[in-house]
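Working notes for the structure below.
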């Protein structure tokens, strides 16, 4: 695909309607996205507890790249491509802890900061200081390790400022992982996000979610009362029940559709203390909370990453494209780091989001099958799909800006 | 592949020789065929009994498209792409019966005629009458439901006129399905048709078929007597044994190679009443027949569809391309609709064509492997492969006409 | 990929550094290689004992082509594409012996010399003498059957002259196959050869090989003594222990890196008689040898083929590319043809090269995964990787010469 054809395709998309077929199925467009826009986004790669001490490292995939995440000797999280600078071999196969990385092929050795420590029989003319591992931008705060292939690290300054007090209050930095589930979805990443950003499908598809979350009655349909009823519920909850010490204050019932990151806080409702089937706790209180207030807080870095904090557990939502027609969703459930396994109930903890994400996987895969049809044409978003429509708009705007600048580079990535 | 290269490729093919490699393996040529010539052909999609009453529907594949076949409230068979007009989700996963179609993703609802019945929270400016399901051409007569992605419906007028009396006489409209077998063949669709249109391979490859069908002695080799012996057998059979009430009269021993549709009628021979291993009946008489005459009638719409009628059962031959290197053959055996299972013998009924089609699958897959070789060059058709050679000639002529007109459109189908 | 882009890519590779990513992953480059440079190389296809008598034939794969290797009525080894000249069907599925080849599709029959013997009902105008099987260059000497898709047969004259006395002395022509193992490696063929041509990885990756082969102490690292110690060992071995009747004389400790074919001879060392774990024999003496001298001889046709001869067994190393990211390595162990199974110990015979090749498979597959990374850039070869660097240099030089001449042809191979 030529740059001019992509630009024309972008420009003819109709605002408020879903995208044309090539955006969901074209390998060329995916390559363009992967080397540009997707490479520049921020993703959640791990929880801080996964890199316990200096020398601990993780092997993780991001956009088809194998990465080494490591805590260096100064205690900082760092990220490197898992690719030896000699002849390109993978260095590590699985998580572990080491003082140095040794490539199993020819024994080249790297320090925890990625620099080359030793390589036998190198010609004298070779400058070994230029042969350190290639690094990726990594940032750690609030218990979350964020990574990107090309993102600008300072872009997270404002996010850190906005999130850190809340993440600390809800105990995310000192949490431990209680459970993790992976969902491999056969569908383009935009179909996954389009799903994730709207609740229009909640009534037809997510009975469990609808039974738990009170706000669904307003967000999953065009509210007859203009949303007044839900605002009153939220206001009453903040006034009477909400933990007043939380750094997250009443700011409206939901996140505006056009912001790139932000936090939210609302009651679960229906008399529930947490997102379990019966509403009763699944683990001890987390962080600085001293009682159950039945609230749920969200920390969003759009479009791929979010953390949620409840009274008794937290969650990391990790969404990563793995191919033009494949996306991985990883859900990680967090509990207080000092909690024993006997104090938590994992099956009841993961119930809601495991069943909901499994349902979404099926929906998205049907959607992915349908958009491959020669008969597929874009359809209109409903008024309930505002965030989805806004995401698509932002995507197109940013692709357009990138398309001219980056296309020549893309063409050289096989 | 550019239009000019395709045109040059078509023009340099040698009459009477098999095609060059790209016609059997090129993804580009398959895309061109699929969006043009293949989309315009007619295929057998179902037997009428599969859509028993209004509201019954089938989910069927045609050329990589998932289709909904449905009997509407007026009793007409209709076909739609199984793709929601909202965001493109598949609507149905399996056959069933319903009063309306409800998309499981966001609950959009369609009537049996495909029109949009309801969709929540649509922006007021959206004209819902433009959001009905995309339809395909469908035609039903003589108990057979024919479909196409682009075919002109009136093109079947003459076929209906030619076939309907015969299909009725042999009881196809009131039949029921006794058995169905699917054969997924790893080979380009033209290799499947080239096989299907000649009996040159019958002696080396189909001992069972040769033991049943008397005419093989003349059609599978260059007849020493110029075909006189077989003509005498046919003539004698029409004069002495053939059911005189059949609308199919003596018209020659086989279908001319250059017609696009037509019927045939001949004796099985060898003293056989039907195509079973011992020649004895496998089911009660069908339709208006009152005795066994040992004949076999064919109704052909070239190149993909045919129906055959014997005294005691009928068959539908459905051949559909499913990829550049994959073709599906579906055989459906029909018996009188009022017949009980106890009155029919399915294993003996399907014996001949199940063993023959399995043999053909193996032959075609060997052929498909061989034409991928760098050493492959076209070879000469024998005098016994006249219909095959004629099919290839027609294919090239029609591709040539389409290539200029359609190529620009093709290029936009990813 | 256009010829100009390939030429530019070739010209910008840096001498002494590994290749850029496209050479390891590009389908276009692989197609170019396969139809040109790879087609012109010579490969070991079989041992002479596999074609025992006239009429014996083998079905073998080479560069994605199915080939028939057959011993004709004059006793000569011949090779043909396994593709019928009628419509391209595969003719044979497995090894066997026959007087003629009969295509199972339409019964076309070929003689052992590939000529068409009979084909029914061919139009009179067809000249049957032009319809013989397409042949490939094949050469047999010293017990080894060499084949190529395009190689010039006389190019092997000098090889035959150099190898035949040694192969005969060590009994390869009269050997029989004791064992064969296939290793399917998911990696570009150049990654396999780069591995095969250096011992830089021996210490980190091949403890078994290092424990057996004395010379590893000099070849797997930059020798502190400049190689003097190893030369003395070799010299002493030739003077005191080596079988003086062998046609292979002392010519240096290893094969120069820039020759295309050649022989080598050296002691295994470490007091070993053969390459078994304990150094003791695994089979009776081969050929004209009358005692164990603990030597190992090599016969190399670079880059894909080699034979090694020990006192008690021989080996054929067959390396063949099977796709841009797939390579097959076949190891064949040979013993004296008159030896019974009771006299040989297969597990101990195959131990060293089975474990070593399995380790190499894992290393190469890690390497192949790594070079796919967007972060991969060429790295410097060490001084211990001279033969690898030389191979890459030769490859680039010869591709460059071919690229202009052959590119237009390549573009027509689908």
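Residue numbers (the numbering used here), protein chains in the order written: chain A, 1 to 414; chain B, 1 to 414; chain C, 1 to 414. Note that CB positions come from ideal geometry on N, CA and C, so glycine has one too.
Closest by C-alpha distance to residue 164 of chain A, out of A/80, A/260 and A/307, is A/307. Around the beta carbon of residue 18 of chain A, 16 or more other beta carbons sit within 10 angstroms, so the residue counts as buried. Nearest neighbour of residue 47 of chain B by Cα position, chosen from B/139, B/239, B/388 and B/162, turns out to be B/139. Of all residues in the region 173-186 of chain C, none has a C-beta nearer than 7 Å to a C-beta of chain A. For residue 362 of chain B, there is no enclosing beta strand (DSSP E); the enclosing alpha helix (DSSP H) has its first and last residue at 346-371. Residue 32 of chain A sits in a helix when the DSSP states are folded into three classes. Judged by pairs of C-beta atoms under 8 Å, the region 309-329 of chain B does not touch the region 197-214 of chain B, as fewer than three such pairs exist. Residue state for residue 119 of chain C is assigned as coil, using DSSP reduced to three classes. Beta-bridge partners assigned by DSSP to residue 297 of chain B: B/265 and B/309. The C-beta of residue 313 of chain C has 16 or more other C-beta atoms within 10 Å across all chains shown, which makes the residue buried. Beta-bridge partners assigned by DSSP to residue 56 of chain B: B/97. Considering only beta carbons, the part of the region 377-401 of chain B lying closer than 7 Å to chain C consists of 379, 380, 382, 383 and 384, in chain order.
Each residue's CA atom was taken as its position, placing residue 241 of chain C and residue 293 of chain C some 6 Å apart. Taking C-beta atoms as the reference points, residue 37 of chain A and residue 301 of chain A fail to come closer than 8 Å.
Residues of chain C whose Cβ lies closer than 8 Å to the Cβ of residue 222 of chain B are, in chain order, 120 and 121. Residue 335 of chain B is not a Cβ neighbour of residue 224 of chain B, given a cutoff of 8 Å.
For residue 104 of chain B, the neighbours in chain A by C-beta distance under 8 Å run, in chain order, 204, 205, 363 and 366. Using a Cβ-Cβ cut-off of 8 Å, residue 7 of chain B does not count as an interface residue toward chain C, since no Cβ of chain C sits closer than that to its own. Contact between residue 88 of chain C and residue 379 of chain B is confirmed by a C-beta separation of about 7 Å, below the 8 Å threshold.
Within the region 156-208 of chain C, complete alpha helix (DSSP H) segments of at least 4 residues are found at 157-169, 189-196 and 202-205, given in chain order.
In this structure, the CA atom of residue 267 of chain C is about 12 Å from the CA atom of residue 216 of chain C. Within the DSSP secondary-structure output, residue 77 of chain A pairs in a beta bridge with A/71.
Contact check for residue 182 of chain A against residue 330 of chain A passes: the beta carbons are separated by less than 8 Å.
Within chain B, the residues placing a beta-carbon under 8 Å from that of residue 84 of chain C are 370 and 379, ordered along the chain. Of all residues in the region 126-147 of chain C, the ones placed with a Cβ closer than 8 Å to any Cβ belonging to chain B are 126, 131 and 134, in chain order. Put simply, the CB of residue 89 of chain A is near chain C, with a gap under 8 Å to one of its CB atoms. Look at residue 98 of chain C: its C-beta is not under 8 Å from any C-beta on chain A.
Contact check between the region 348-359 of chain B and the region 262-278 of chain B: three or more CB pairs, one atom from each, fall below 8 Å, which counts as touching. Contact between residue 384 of chain C and residue 209 of chain C does not hold, since the beta-carbon distance rounds to 15 Å and is not under 8 Å. Collapsing the DSSP output to three states places residue 154 of chain C in a helix.
The beta-bridge partner set that DSSP reports for residue 17 of chain C consists of C/380. Between residue 376 of chain C and residue 102 of chain A, the alpha-carbon positions lie close to 18 Å from each other. Counting C-beta pairs with one atom in each stretch, the region 148-165 of chain B and the region 114-129 of chain B have fewer than three that are closer than 8 Å, which means they do not touch. Contacts with chain C at 8 Å (Cβ-Cβ) include residue 200 of chain B. Less than 8 Å divides the Cβ of residue 98 of chain B from the Cβ of residue 55 of chain B. Here the alpha carbons of residue 360 of chain A and residue 122 of chain B stand approximately 22 Å from one another.
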